[in-house]
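Everything below concerns the one structure shown next.
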Amino acid sequence: MQNTITIFKRELKSFFDSPMAYVFLIVFALLNGWFFTTTFFLYGQSDLRTLFNIVPLVYLFFIPGVTMGLISREKGLGTIEIISTLPIEDRDIVLGKYLSAVALIGIALLSTLLHFITLSTFGNSIDYGAVFTGYLGLILVGSVYASIGVFSSAVTDNQVISFIIGIAIIFVFWLFDKVLIFMPDFLAGTIQYLSVEFHLSNISRGVIDTRNIIYFGSVIGFFLFLTTRLVESRRWS
Amino acid sequence: MIKVENLSKNYGTVEAVKSISFELNGGQVVGFLGANGAGKSTTLKIMTGYISPSSGNVYYGDRNIQDDTSDIQKDIGYLPELNPLYSEMIVHDYLQFISEIRGIPSSDFKNAFQRVVEECSLNAVAHRTIGNCSKGYKQRIGLAAAMIHDPKILILDEPVTGLDPNQIVEIRQLIKKLGKEKIVLMSSHILQEIQATVDRIIIINEGSIVADGSSDELLNDSAKGKAQLKMEVNNADENDIRDMKATIPSIDITDIVKNDSSIEINLEFLSNSDPRVDIFNYAVSKKWIIIEMVASKQNLEDIFRKLTGKGNLS
Numbered sequence: 004m005q006n007t008i009t010i011f012k013r014e015l016k017s018f019f020d021s022p023m024a025y026v027f028l029i030v031f032a033l034l035n036g037w038f039f040t041t042t043f044f045l046y047g048q049s050d051l052r053t054l055f056n057i058v059p060l061v062y063l064f065f066i067p068g069v070t071m072g073l074i075s076r077e078k079g080l081g082t083i084e085i086i087s088t089l090p091i092e093d094r095d096i097v098l099g100k101y102l103s104a105v106a107l108i109g110i111a112l113l114s115t116l117l118h119f120i121t122l123s124t125f126g127n128s129i130d131y132g133a134v135f136t137g138y139l140g141l142i143l144v145g146s147v148y149a150s151i152g153v154f155s156s157a158v159t160d161n162q163v164i165s166f167i168i169g170i171a172i173i174f175v176f177w178l179f180d181k182v183l184i185f186m187p188d189f190l191a192g193t194i195q196y197l198s199v200e201f202h203l204s205n206i207s208r209g210v211i212d213t214r215n216i217i218y219f220g221s222v223i224g225f226f227l228f229l230t231t232r233l234v235e236s237r238r239w240s
Numbered sequence: 016m017i018k019v020e021n022l023s024k025n026y027g028t029v030e031a032v033k034s035i036s037f038e039l040n041g042g043q044v045v046g047f048l049g050a051n052g053a054g055k056s057t058t059l060k061i062m063t064g065y066i067s068p069s070s071g072n073v074y075y076g077d078r079n080i081q082d083d084t085s086d087i088q089k090d091i092g093y094l095p096e097l098n099p100l101y102s103e104m105i106v107h108d109y110l111q112f113i114s115e116i117r118g119i120p121s122s123d124f125k126n127a128f129q130r131v132v133e134e135c136s137l138n139a140v141a142h143r144t145i146g147n148c149s150k151g152y153k154q155r156i157g158l159a160a161a162m163i164h165d166p167k168i169l170i171l172d173e174p175v176t177g178l179d180p181n182q183i184v185e186i187r188q189l190i191k192k193l194g195k196e197k198i199v200l201m202s203s204h205i206l207q208e209i210q211a212t213v214d215r216i217i218i219i220n221e222g223s224i225v226a227d228g229s230s231d232e233l234l235n236d237s238a239k240g241k242a243q244l245k246m247e248v249n250n251a252d253e254n255d256i257r258d259m260k261a262t263i264p265s266i267d268i269t270d271i272v273k274n275d276s277s278i279e280i281n282l283e284f285l286s287n288s289d290p291r292v293d294i295f296n297y298a299v300s301k302k303w304i305i306i307e308m309v310a311s312k313q314n315l316e317d318i319f320r321k322l323t324g325k326g327n328l329s
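Residue numbers (the numbering used here), protein chains in the order written: chain G, 4 to 240; chain S, 16 to 329.
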């Protein structure tokens, strides 16, 4: 666990040692702010539903951008040889890097608290429970997308290719819910269960169901497992 | 003790390492010598647990690197060939990062940091960003990272690449000092470097070990008790040169090269005899003009060329 924390700290510091983290955070805040404020005063509703709908879309590009270099850069620069020959398990490397991406997503989400403050100031009869579960849903979806992003980063040593693979896989997960009407009945249930949107919408409504939590946990575990196997595969190349 | 046993590594259909075996003991610096692509780095990568062999084993005492990778890696300090570093990190922070993963308590880090900074002469750049350091400093940062935990085993892939002559001498002295108490295995394609630094040389060619011994042992083995003599003469007839063997039976004429105005003769003779007086007298009897007569010794480069069939190492 100590090694995971060491990797986590290094990665998080590395994000902020380069302009990348600042650029991503600013763009994330501006995009969400623009989408939120343009409709907030228009509808006159005291909720953050607009924000909770728009953030997963922004995630589609934001998260692969954050995660694209986590492992591919190590492969490209050769520093993977340094950390892989230190007394540290590959799963600790993967987990430390993954958690740093989740932490950056959490920091990015903090910027949206400004909208919550605006809502609290100007709105009335606010459903604080729905706001809480809405944020929980965003963190869970962000965590799922980060696991996909880390996996994409382990597939190649090219950051651009990793970014594109990340977007493609996340897009498929996002799309499941949209293509349900085209699916035959026997497949619809499975496709719906695989959809991130389906589970997010349950949580955003204020319902915290174990099935949703198990889904998010399973997808994260699945992609982190695959990532660890990919990192280990260098031994057999 | 490290025991490498029938180690092989295939990349697809290419056999990078072909069933090599050797043993390493403490208190000696061993040089791994070979041309590019000979299999040196692949062997070192397997020994450090970075990649797995296709077959064979590497034992550290009774532990196998395949089974106890992390445990064995605690005892190894490794400098990879291309010395990859996190260029955005400060030297101090990088060494702290490595030491944390190495399990060095934070209270001991200061001393460990001071030691490697001193040994690798990093004082001037200790708080500088790695990306802004010169190639020589980067090489020494990599070396410092390999030594921060004072390992029992040091595996250094081309450790003096990028260093200037003064730095090479410093690092050579450091490696020699470390070799007195640790197992040090270093690879290099610079023959002079290997000859000046190591106690034992392992020459690898096309994935196989072709020689293993001290510098003197390799020279003696290769010479097979024979010495060479090279002479350049004027006014000589080629038939007279060939007849010299009949007059002086202890010599073998290995080569005759005709130049524009002279003839170069290469001879071999048993190193426990000295036929130079007889050769001189024969030359006088045939009225040759001796321009040069010099006994030549084989050096490591000749042996390397002979063993690998290659003219250059890089």
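By construction, the Cβ of each residue, glycine as well, lies at the ideal position given by its N, Cα and C atoms. Predicted, not measured: the structure shown is a model, and the values here were computed from it.
- Selection S/191, S/186, S/266 and S/25 evaluated against residue 286 of chain S yields S/266 as nearest (Cα-Cα).
- Taking C-beta separations shorter than 7 Å and ignoring five residues to either side along the sequence, the partners of residue 136 of chain G in its chain run 206, 207, 209 and 211, following chain order.
- Look at residue 13 of chain G here: in three-state DSSP terms it is helix.
- The beta strand (DSSP E) runs lying completely inside the stretch 245-270 of chain S and spanning 3 residues or more number zero.
- In the three-state scheme derived from DSSP, where H, G and I count as helix and E and B as strand, residue 185 of chain G is classed as helix.
- Only those residues of the stretch 84-102 of chain G whose C-beta falls short of 8 Å from the nearest C-beta of chain S are listed: 84, 85, 86, 87, 88, 89, 90, 91 and 92.
- In the same chain as residue 99 of chain G, and ignoring 5 residues on each side of it, the C-beta atoms closer than 6 Å to its own belong to 7, 10 and 11, in chain order.
- Residue 154 of chain G and residue 198 of chain G have their C-alpha atoms roughly 19 Å apart.
- By the criterion of a C-beta distance shorter than 8 Å, residue 87 of chain S is surrounded in its chain by 64, 75, 78 and 80, once the five residues flanking it on both sides are discounted.
- Per the coordinates, the alpha-carbon of residue 59 of chain S lies some 15 Å from the alpha-carbon of residue 70 of chain S.
- Residue 4 of chain G: not part of any alpha helix (DSSP H); DSSP gives it neither H nor E.
- Under the 9 Å criterion on CB atoms, residue 16 of chain G is classed as interfacial with respect to chain S.
- Taken atom to atom, the span from the alpha-carbon of residue 201 of chain G to that of residue 22 of chain G is near 35 Å.
- At least one beta carbon of chain G lies nearer than 9 Å to the beta carbon of residue 160 of chain S.
- For residue 10 of chain G, a Cβ of chain S is located within less than 9 Å of the residue's own Cβ.
- When DSSP states are grouped into helix, strand and coil, residue 195 of chain S belongs to the coil group.
- The three-state reading of DSSP puts residue 175 of chain G in helix, counting H, G and I together.
- Under DSSP, residue 24 of chain S shares a beta bridge with S/32.
- In the three-state scheme derived from DSSP, where H, G and I count as helix and E and B as strand, residue 280 of chain S is classed as strand.
- Assignment of beta strand (DSSP E) within the stretch 197-242 of chain S, counting only whole runs of 3 or more residues, yields 198-203, 215-220 and 223-228 in chain order.
- For residue 97 of chain S, the secondary structure class from DSSP, reduced to helix, strand or coil, is coil.
- Residues of chain G with a Cβ closer than 9 Å to the Cβ of residue 64 of chain S are, in chain order, 87, 88 and 238.
- Residues of the stretch 152-173 of chain G that bring their beta carbon within less than 9 Å of a beta carbon in chain S are absent altogether.
- In the DSSP assignment, residue 310 of chain S forms a beta bridge with S/244.
- Selection S/119, S/25 and S/159 evaluated against residue 138 of chain S yields S/159 as nearest (Cα-Cα).
- In chain order, 202 place their CB closer than 6 Å to the CB of residue 218 of chain G, counting only its own chain and leaving out the 5 sequence neighbours on each side.
- Contact with chain S is found for residue 80 of chain G, since one of that chain's Cβ atoms lies less than 9 Å from the residue's Cβ.
- At a beta-carbon threshold of 7 Å, the residues of chain S lying near residue 13 of chain G are 112, ordered along the chain.
- DSSP, read as helix, strand or coil, puts residue 170 of chain S in strand.
- With the criterion set as a beta carbon lying under 8 Å from some beta carbon of chain G, the members of the stretch 69-97 of chain S are 85, 86, 88, 89, 91, 93, 95 and 97, in sequence order.
- Residue 288 of chain S places its beta carbon 9 Å or farther from that of residue 245 of chain S.
- Look at residue 116 of chain S: its C-beta is under 9 Å from a C-beta on chain G.
- By the Cβ-count criterion, residue 192 of chain S is exposed, with fewer than 16 other Cβ atoms from all chains shown falling within 10 Å of its own Cβ.
- Between the beta-carbon of residue 90 of chain G and that of residue 85 of chain S there is about 5 Å, and that keeps the pair under the 8 Å contact cut.
- In the DSSP annotation of this structure, the continuous segment of the alpha helix (DSSP H) that includes residue 138 of chain G starts and ends at 131-158.
- Not flagged as an interface residue toward chain G: residue 174 of chain S, since no C-beta distance is shorter than 9 Å.
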